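For reference, the structure is listed below as structure tokens.
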Amino acid sequence: MSSVQVRPVKVTIQIEDLRKSFAGKTVLAGVDLGVYEGEVLCVIGRSGSGKSVILKHLIGLLVPDAGTIHIDGVEFTGADERERRAALTKIGVLFQGAALFDSMNIFDNVAFGLRRRGTPEDETSRIVGEMLELVGLRGIDERMPSEISGGMQKRVGLARAVAMKPEIILYDEPTTGVDPITAGAVNRLILKMRDTLGVTSVVVTHDMESAWHIADRVAMLLDGRIAFAGTPDELKASEDPFIRQFIEGRADGPRVA
Ligand SMILES: Nc1ncnc2c1ncn2[C@@H]1O[C@H](COP(=O)(O)OP(=O)(O)OP(=O)(O)O)[C@@H](O)[C@H]1O
Ligand SMILES: [Mg+2]
């Protein structure tokens, strides 16, 4: 008897033929990508290839020229305001650069979404404490974002995203520009979200070391399309010259800077 358990894979996010141009310049030329429930999917690709643009479509900050996005089977792109709001409550976002509110202290930053949702203040306080603990930042409630380091800001951004107990978390470059120790802590947190809360994660990154470490699957964006999607082992085994150049971080190869 085999001990391997095969469980049906549920697609949490389905992106089909997503297209977007800005002022005549095509950025997304038909992106097809499925994200499975409970997985960590890393989206890799060069700077300016459109990774953040994909994430912005997933939260309705950008509207596609064509194509569809389904979240838990509900079409997000064509949804009315009520359906869109319902979908958005499932999603937490860690923006590139953390994007904390400068005029609010750390406590109020993490509490922001909870308060907006009408969570009672004592429960808000308990959750904020728990989340700051989770990201290893207890006791900085009163500080302002400008008083803490970039790496700490990222972790506060993560605490803010996770406080809402989202089903899906989108991370935009969570380990870029932080030291290796903080990057390691962020990687561990991403896996912890998956393993303890069953979160479905999309991690946009050009940090290949992080991708190797955390990805269940990797998708590579190239020339506006997904040129590769598969497990890290499959990516490693790829013989495509551009993929090899990218994952080995070489300046020479089919593409030049
Ligand atoms: N709102 C916008 N208006 C016009 N152009 C935009 C807009 N948003 C993104 N772009 C353009 O789309 C392209 C892709 O941008 P995007 O930010 O998605 O790149 P990225 O892959 O996230 O890069 P990086 O790794 O540097 O973060 C860029 O050429 C950018 O200038
Ligand atoms: Mg980006």
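Residue 283, in my numbering, is where the sequence shown stops; the numbers in between run on with no holes.
Cβ atoms here follow ideal geometry from the backbone N, Cα and C, with glycine treated the same way.
None of the values given here were measured: they were computed from a predicted structure.
**Study point:** Cβ separation of residue 125 and residue 157, assumed to be a contact under 8 Å, to the nearest whole Å
**Key:** Actually they are not in contact, since the Cβ atoms of residue 125 and residue 157 sit about 17 Å apart, beyond 8 Å.
Practice item. Determine the direct distance from the alpha carbon of residue 88 to that of residue 122, and round the result to whole angstroms. Key: 16 Å
Check your understanding: So what's residue 175 in DSSP terms, helix, strand or just coil?
Key -> coil
**Study point:** Nearest-angstrom Cα separation, counted from residue 193 out to residue 236
**Key:** 22 Å
**Study point:** N-terminal and C-terminal residue of the alpha helix (DSSP H) that residue 97 is part of
**Key:** Not the alpha helix (DSSP H): residue 97 falls in the beta strand (DSSP E), residues 92-97.
Exercise for review: Consult DSSP for residue 226 and reduce its assignment to one of helix, strand or coil.
Suggested key: strand
Check your understanding: Buried or exposed: which applies to residue 75, given that a residue is buried once 16 or more other Cβ atoms fall within 10 Å of its Cβ?
Key -> buried
Check your understanding: Taking the alpha carbon of residue 249 as the point to measure from, which residue in 39, 273, 51 and 37 has its own alpha carbon closest?
Key -> 51
**Study point:** Per DSSP, the bridge partner or partners of residue 47
**Key:** 52
Exercise for review: Identify whether residue 150 lies in helix, strand or coil by the three-state DSSP scheme.
Suggested key: helix
Review point. Buried or exposed: residue 181, going by 16 or more other Cβ atoms within 10 Å of its Cβ?
Key: buried
Review point. Quick one: Cα of residue 211 to Cα of residue 161, how far?
Key: 8 Å
Review point. Under the three-state reduction of DSSP, which class applies to residue 125: helix, strand or coil?
Key: coil
Practice item. Starting from the C-beta of residue 104, find all residues in its chain whose C-beta is less than 8 Å away, skip the five residues before and the five after it, and write them out in chain order. Key: 94
Practice item. Consider the C-beta atom of residue 198 and the heavy atoms of ligand 2; say whether any pair is separated by less than 7 Å. Key: yes
Practice item. Give the range of the beta strand (DSSP E) segment to which residue 254 is assigned. Key: 251-256
Review point. Can you name, in chain order, every residue of its own chain whose Cβ lies under 6 Å from the Cβ of residue 213, other than the five neighbours on each side?
Key: 236, 239 and 240
Exercise for review: Find out if the Cβ-Cβ distance for the pair residue 80, residue 54 is shorter than 8 Å.
Suggested key: yes
Point to revise | C-alpha distance - residue 208 paired with residue 116, whole-angstrom precision | key: 27 Å
Check your understanding: Over what stretch of residues does the alpha helix (DSSP H) that includes residue 108 continue unbroken?
Key -> 107-114
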